[in-house]
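Chemist: I have a structure here, written as structure tokens, and I will follow up with some questions on it.
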Amino acid sequence: MSYIGSSVKRVEDKRFITGQGRYTDDIVLPQMTYACMVRSPHAHAEIVSVDIAHAEKMDGVVKIFTGKDTDAAGIGGVPCGWQVDFKNGDTMKEPPHPLLVSDKARHVGDAIAMVIADTYAQAKDAAEMVTVEYNVLPAVTNSKVARADGAPQVHADVPNNLAFDWELGNPRAEVDAAIAGAHHVTTLEFINQRVICNAIEPRSAIGHFDTAYDKYTLYTSTQNPHLIRLLLCAFVLGLPEHKVRVVGPDVGGGFGSKIFHYTEEALVVWGSNQIKRPIKWTAERSESFVTDAAGRDHITTAKMAFDKDGNILALSADTLANMGAYLSTFAPAVPTWLHGTLLQGLYTTPLINVSIDAVFTNTTAVDAYRGAGRPEATYLLERLMDTAALEMGRDPAELRLQNFIEPFDGVEEEGYVTQVALQYDSGNYGPVLKRGLEMVGYEQFRADQKAAEGTGKLLGIGFSTYIEACGIAPSAVVGALGARAGLFESAQVQVHPTGKVSVFSGSHSHGQGHETSFAQVVADKMGIPMEDVEIIHGDSDAVAFGMGTYGSRSLAVGGSAIVKSIEKVLEKGAKIAAHLLEASVDDLDYAEGKWTVRGTDKSVGFGDVSLTAYVPHNYPEGLEPGLDFSSFYDPANFTYPFGCHICIVEIDKETGVVKVKRFIAVDDVGNVINPMIVDGQIHGGLAQGIGQAFCEGAVYDESGQLVNGTYMDYVMPRADDLPSFEIDRTVTPCPHNPLGVKGAGEAGTIGSTPAVVNAVMDALKGYGIHDVEMPVTSQKVWNIIHG
Amino acid sequence: MKVPVSITVNGKQYDKMVEPRMLLVYFIREELALTGTHIGCDTSSCGACTVHLDGKALKSCSMLAVQASGKSVTTIEGMASGENLHPLQEGFHMEHGLQCGFCTPGMIMCAADMLKNNPNPTEEEIRHGLEGNFCRCTGYHNIVKSIQYAANKMQESA
Ligand code: FES
Ligand code: FES
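For the record, the sequence lines run as chains A and B. Read left to right, the first sequence gives residues 961 to 1747 (our numbering). Read left to right, the second sequence gives residues 3 to 160 (our numbering).
Here is the structure:
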């Protein structure tokens, strides 16, 4: 029997298709109250006074908390989980991020008061009656403007709004000299615009203090319940960790935005003990727009130098990374260790230097969004490659092939050591591009493109070949890089006396289908039917420990932890089986759910061994009863998926409308457990990456208002904006984890964005432009054609 | 001040007193505890709240409960008959048309209306018909296939 590698239909589907999914906002507790936040309408303003007298007396109002109350309780705010030091060794600037601000609002949406009432409507009514007097200050939203002398200061003690600066790679002087002496240099200055994650389930949190047990429970739409518990207990509220339970029930998409510890989570937990009733807070969508950590927001200048044959000689990149008003949980890692380290790409570039300034502005915090740093790195490299090809009159596919790193399997051949601090695990890059070219029918396309000349349509093709660092991450390595947490994963495999198996995983599924793919792994490795396996996740009272799901890590790290526990179960099971069979362990083989004495037909089944473990009457001497093992798996390295994305666009000359006609993706995510689920991950990633290229982007006005902060104004791809995707894969197994998997959650987003923009640029190559700013809207394209 | 409403939901009549400003979606979720109908936005843009009102797809956040009084509502919970899934529910399962599942009830309710009016839609018609519903997980690729699956199945059994 083999489940691994087959497209088993998802076991979690049933509850979702019948309307029985249980998301945080679906949970109702006895005596529950509802919270509505009073939020700053100003991007930057001193808070002169907060008057709750009238609101307090309104119908149904239970309690109103302001920043004065949280200050008086000595609550310092939510912490940042990753430290990056300045180039000169100083610690990054880490101003407090209060749960409720009492002195100054630093972005639109900063919370000033929490109004709690018997119903949400009552809380909302009362919140409108809280009177806040502001002294409005000039605001800054753009990281370049924020760095200038005289710019508004987001935090008084952070000069020029610089949170930290950072550098990686070869000495800058060496890189600059190589660029100065090169045959050809391609330069791009571009903005990788801010995008908003927009999981369709808005964030929600319920805090419950149970006076019977002196125990707190937090239900929250999170990607990592245990980490939230740790931060809540150790940093924000000082609660005893064994008296806090955090549950991430069904979660309606995350894409990064639900990794982080948010102020509202701490507020409902703390508040529930103050009022001795549960408190539910659920974001309205317009609230999500101004409070969910956003993604990207880089301003970059990058140069790539070539010799006369088109070999890459050097790369330099300078980026301003907008951090928003506060440092969110993983924010400092994104432009640095998840972006700078990826600038080797798939190429043999011998000299690389990257420099980052991380900047505070009066905007919502920026943190990891699907891909987190790696899409920005890919955009930088792949826009440079297509631009360079155009400038040098080279074919963009050939230019890439020529510069690819040679294949290496990470076993016989060493992993590839980059100029920017990584060692790739295994890679074979040519085949993904060649397969992509085959699928797209490259020669035919170029003929069609020519044929379209003179018609009302322009056709363009764009390439992107990417690499990502996933399977986050070896604890010691990330510890040295500033992570304030280990990034291992844990799993418990509990065999019941009847031979059924419960698996407790520290990974968290919010759409990825762990309940299916993890069960496939368990069933295969243990030789039992999938129906006998249940995957449990998301509840800190059920799962001993976990580091959650992000960075395409669940299967590579969480799945490996499960495999380790299975190995322990089977090892002990073999001892019991040997005893029952009166044989030596060394003479047993395990297959299809039974131990057999090699060369005989004597065997004992998994169910009998399980029962014996719990009814140990006839049992090996000295062996403990029970069949239940936990493991912690700390990966040896990151994993490095890679791939090739090719986009074909058609532009209507008259209207400037850009249509993505075809999108081809050939990804290599290592071994695949469930192809259907992996394909689904790629599809979703592609839609988000393509969305950034042609329609998405946060827009702020001068005063710091997010002007497109609703679904009516922020354009996300809808079904009729996208084609059906054409996807395929190659398989280069990961050499350092037991499943050989690399991770598939982010690949689609990482590779796709530059492919779309490159395609638009290819279509517009007759119009003498050097670059086009994302999102590539029809208006921008029309202006290029008719301007 | 509360006002009486009488709404039939999934075949059962409910008589309740509600605030006049209560939206139909809150009536369904909070008064009836039918939480399969979701709320994804505050601008009637996402379609997560889609139900059927007298057999037609409707975003239940765009109507007051009092406006639905005397009418008949079907939610996702009313789509299967006993253990038998609706062909669309089956289609979403078979074609992996859902990931996090949050948009799924709305997608299924929207698609059910679409197939009633157009039992054999082209891909383009399906995509066009889903215009009012956001999915952030699937890239729509498999949602299209799920609806095609259901269309075929419904035609076969018709
Ligand atoms: S909640 Fe009704 S359309 Fe979004
Ligand atoms: S499945 Fe998650 S939003 Fe559609």
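Where is the CB? At the ideal position from N, CA and C, for every residue including glycine. Every value quoted in this text rests on a predicted model; they were computed, and no experiment measured them.
Identify, in the order they occur along the chain, each residue of the same chain with its Cβ nearer than 6 Å to the Cβ of ASP1549/A, setting aside the five sequence neighbours on each side.
Modeler: Residue numbering aside, residue 1549/A sits at position 589 when the first sequence is read from its first letter. For ASP1549/A, where only same-chain residues beyond five positions count, the Cβ hits under 6 Å are THR1556 and ARG1558.
Chemist: List in chain order: all unbroken alpha helix (DSSP H) runs of 4+ residues lying wholly within the segment 1313-1383 of chain A.
Modeler: Within the segment 1313-1383 of chain A, the complete alpha helix (DSSP H) runs of at least 4 residues are 1334-1352 and 1356-1363.
Chemist: Out of ALA1504/A, GLU1527/A, LYS1702/A and THR1560/A, which one is the CA nearest neighbour of GLU1542/A?
Modeler: The sequence position of residue 1542/A within the first sequence is 582, counting from 1. Looking at the Cα atoms, THR1560/A is the closest of the given residues.
Chemist: Among the candidates PHE94/B, CYS48/B, SER71/B and LEU34/B, whose CA atom is the shortest distance from the CA of SER148/B?
Modeler: On the second sequence, residue 148/B is found 146 positions in, with the first residue counted as 1. With distances taken between Cα atoms, SER148/B lies closest to PHE94/B.
Chemist: Anything in chain B within Cβ reach of SER1712/A, meaning under 8 Å, just list it in chain order.
Modeler: The residue labelled residue 1712/A in the question sits at position 752 within the first sequence. Correct list: empty, because the minimum Cβ distance to chain B is about 10 Å.
Chemist: Should the segment 1352-1370 of chain A be called in touch with the segment 1101-1120 of chain A, which here means at least 3 C-beta pairs below 8 Å?
Modeler: Cβ pair count under 8 Å is below three, so no.
Chemist: Mind checking if GLU33/B is an interface residue toward chain A, Cβ cutoff 7 Å exclusive?
Modeler: By 1-based counting over the second sequence, the position of residue 33/B is 31. Not one chain A Cβ lies under 7 Å of GLU33/B.
Chemist: Once DSSP output is grouped into helix, strand and coil, what is the label at ILE1606/A?
Modeler: Taking the first sequence and counting its residues from 1, one reaches residue 1606/A at position 646. It is a strand residue.
Chemist: Closer than 8 Å is the cut-off here; do at least three beta carbon pairs connect the segment 1399-1413 of chain A with the segment 1374-1385 of chain A?
Modeler: Segments in contact, no.
Chemist: Kindly examine ligand 1 and report whether one of its heavy atoms sits closer than 6 Å to the Cβ of GLY1586/A.
Modeler: As a working note, residue 1586/A is residue 626 in the first sequence. Incorrect: GLY1586/A has no Cβ contact closer than 6 Å to ligand 1.
Chemist: How would you label LYS98/B, buried or exposed, when you count the other beta carbons within 10 angstroms and need 16 or more for buried?
Modeler: By 1-based counting over the second sequence, the position of residue 98/B is 96. At residue 98/B the sequence reads His, which differs from the Lys that was named. So HIS98/B ends up on the buried side.
Chemist: What whole-angstrom Cβ distance do ASN1184/A and MET1676/A have, given they're in contact under 8 Å?
Modeler: What you label residue 1184/A is simply residue 224 of the first sequence in a count that begins at 1. What you label residue 1676/A is simply residue 716 of the first sequence in a count that begins at 1. Contact flag wrong, Cβ pair sits at about 25 Å.
Chemist: Specify the secondary structure class of SER1450/A as computed by DSSP and reduced to three states.
Modeler: Working through the first sequence from its first residue, we reach residue 1450/A at position 490. Here SER1450/A sits in strand by DSSP.
Chemist: Measuring from the CB of LEU100/B, is there a heavy atom of ligand 2 at a distance below 6 Å?
Modeler: Against the second sequence, residue 100/B aligns to sequence position 98. Yes, the beta carbon of LEU100/B sits closer than 6 Å to at least one heavy atom of ligand 2.
Chemist: Using only CA atoms, which one of THR1177/A, TRP1126/A and VAL1155/A lies nearest to ALA1277/A?
Modeler: Numbered from its first residue, the first sequence carries residue 1277/A at position 317. Nearest C-alpha to ALA1277/A: TRP1126/A.
Chemist: Just to check, is the beta-carbon of CYS996/A closer than 6 Å to a non-hydrogen atom of ligand 1?
Modeler: One-based indexing of the first sequence puts residue 996/A at position 36. Outside the cutoff, so no.
Chemist: Looking at the unbroken alpha helix (DSSP H) that takes in GLN1404/A, where does it start and where does it end?
Modeler: Within the first sequence, numbered from 1, the residue matching residue 1404/A stands at position 444. Unbroken alpha helix (DSSP H) run through GLN1404/A: 1402-1412.
Chemist: Of all the beta strand (DSSP E) runs that stay within the bounds of the segment 1484-1533 of chain A, which reach a length of 3 or more residues?
Modeler: Qualifying beta strand (DSSP E) stretches, in chain order: 1493-1497.
Chemist: Give the C-beta separation of VAL1626/A and ARG1395/A to the nearest angstrom, bearing in mind that I take them to be a contact with Cβ-Cβ under 8 Å.
Modeler: Here residue 1626/A refers to the residue found at position 666 of the first sequence. Here residue 1395/A refers to the residue found at position 435 of the first sequence. That belief holds up - the Cβ atoms of VAL1626/A and ARG1395/A are roughly 5 Å apart, short of 8 Å.
Chemist: Please indicate yes or no: does the CB of ILE1160/A lie closer than 6 Å to some heavy atom of ligand 2?
Modeler: Against the first sequence, residue 1160/A aligns to sequence position 200. Under cutoff, so the answer is yes.
Chemist: Find the residues of chain A that neighbour SER47/B, judging by a C-beta separation of less than 7 Å, and give them in chain order.
Modeler: To locate residue 47/B, count along the second sequence from 1; it is residue 45. Those within 7 Å of SER47/B in chain A are TYR1671 and MET1672.
Chemist: Considering only the alpha carbon of each residue, which of VAL1701/A, THR1737/A, ILE1608/A and MET1672/A lies closest to ALA1429/A?
Modeler: Taking the first sequence and counting its residues from 1, one reaches residue 1429/A at position 469. The candidate whose alpha carbon is nearest that of ALA1429/A is VAL1701/A.
Chemist: Taking DSSP as the reference, what is the three-state secondary structure of LEU55/B?
Modeler: Residue mapping note: residue 55/B aligns to position 53 of the second sequence, counting from 1. Three-state DSSP puts LEU55/B in a strand.
Chemist: Looking at the structure shown, is TYR1173/A part of a helix, part of a strand, or coil, going by DSSP?
Modeler: Indexing the first sequence from 1 puts residue 1173/A at position 213. Looking at TYR1173/A - three-state DSSP - the assignment turns out to be coil, as it is neither helix nor strand.
Chemist: Assuming THR1026/A contacts SER1062/A under a Cβ cut-off of 8 Å, what Cβ separation, rounded to an integer in Å, is found between them?
Modeler: Here residue 1026/A refers to the residue found at position 66 of the first sequence. Here residue 1062/A refers to the residue found at position 102 of the first sequence. With a Cβ gap of about 7 Å, THR1026/A and SER1062/A count as contacting.
Chemist: Between which two residues does the beta strand (DSSP E) harbouring ASN1095/A extend?
Modeler: For this step, residue 1095/A is matched to residue 135 along the first sequence. Here the beta strand (DSSP E) through ASN1095/A covers 1091-1096.
Chemist: Inspect the beta-carbon positions of CYS43/B and TYR1671/A and report whether they are closer than 7 Å.
Modeler: Here residue 43/B is taken as the residue at index 41 of the second sequence, counted from 1. Here residue 1671/A is taken as the residue at index 711 of the first sequence, counted from 1. A contact, by the Cβ cut-off of 7 Å.
Chemist: Around the Cβ of ALA1087/A, are there at least 16 other Cβ atoms within 10 angstroms (buried) or fewer (exposed)?
Modeler: Reading the first sequence from its first residue, position 127 is the one you call residue 1087/A. With 16 or more other Cβ atoms within 10 Å, it is buried.
Chemist: Considering just the uninterrupted stretch of the beta strand (DSSP E) at PRO89/B, what are its terminal residues?
Modeler: Here the question's residue 89/B lines up with position 87 in the second sequence. Here PRO89/B belongs to no beta strand (DSSP E); instead the alpha helix (DSSP H) covers 89-96.
Chemist: Can you give the Cα-Cα distance for ARG1189/A and ARG1205/A, rounded to whole angstroms?
Modeler: Residue numbering aside, residue 1189/A sits at position 229 when the first sequence is read from its first letter. Residue numbering aside, residue 1205/A sits at position 245 when the first sequence is read from its first letter. Rounded to whole angstroms, ARG1189/A to ARG1205/A spans 7 Å at the Cα level.
Chemist: How would the residue list near ligand 1 read, in chain order, if you kept each one whose beta-carbon is closer than 6 Å to any heavy atom?
Modeler: Counting every residue whose Cβ lies closer than 6 Å to a heavy atom of ligand 1, we get ILE41/B, GLY42/B, CYS43/B, SER46/B, SER47/B, CYS48/B, GLY49/B, ALA50/B, CYS51/B, LYS61/B and CYS63/B.
Chemist: Is it the case that the Cβ atoms of CYS51/B and GLY1213/A are separated by a distance below 7 Å?
Modeler: Within the second sequence, numbered from 1, the residue matching residue 51/B stands at position 49. Within the first sequence, numbered from 1, the residue matching residue 1213/A stands at position 253. It is not a contact, given that the beta carbons lie outside the stated cut-off.
Chemist: Return the CA-CA distance between ARG1256/A and ALA1332/A, expressed in angstroms with no decimal places.
Modeler: Counting from one through the first sequence, the residue named residue 1256/A turns up at place 296. Counting from one through the first sequence, the residue named residue 1332/A turns up at place 372. ARG1256/A and ALA1332/A: Cα-Cα distance of roughly 7 Å.
Chemist: For ARG1132/A, collect the residues of the same chain with a Cβ closer than 6 Å to its Cβ; drop the 5 residues on either side in sequence, then sort them by chain order.
Modeler: Within the first sequence, residue 1132/A is the residue found at index 172, counting from 1. Excluding sequence neighbours, ARG1132/A sits near ASN1313.
Chemist: Would PHE1654/A count as contacting chain B if we go by Cβ distances under 7 Å?
Modeler: Residue mapping note: residue 1654/A aligns to position 694 of the first sequence, counting from 1. Not closer than 7 Å to any Cβ of chain B, the Cβ of PHE1654/A fails to qualify, so no.
Chemist: When the Cα atoms are used, what is the spatial distance from GLU1733/A to GLY1703/A?
Modeler: By one-based count along the first sequence, residue 1733/A stands at place 773. By one-based count along the first sequence, residue 1703/A stands at place 743. Cα-Cα distance, rounded: 30 Å.
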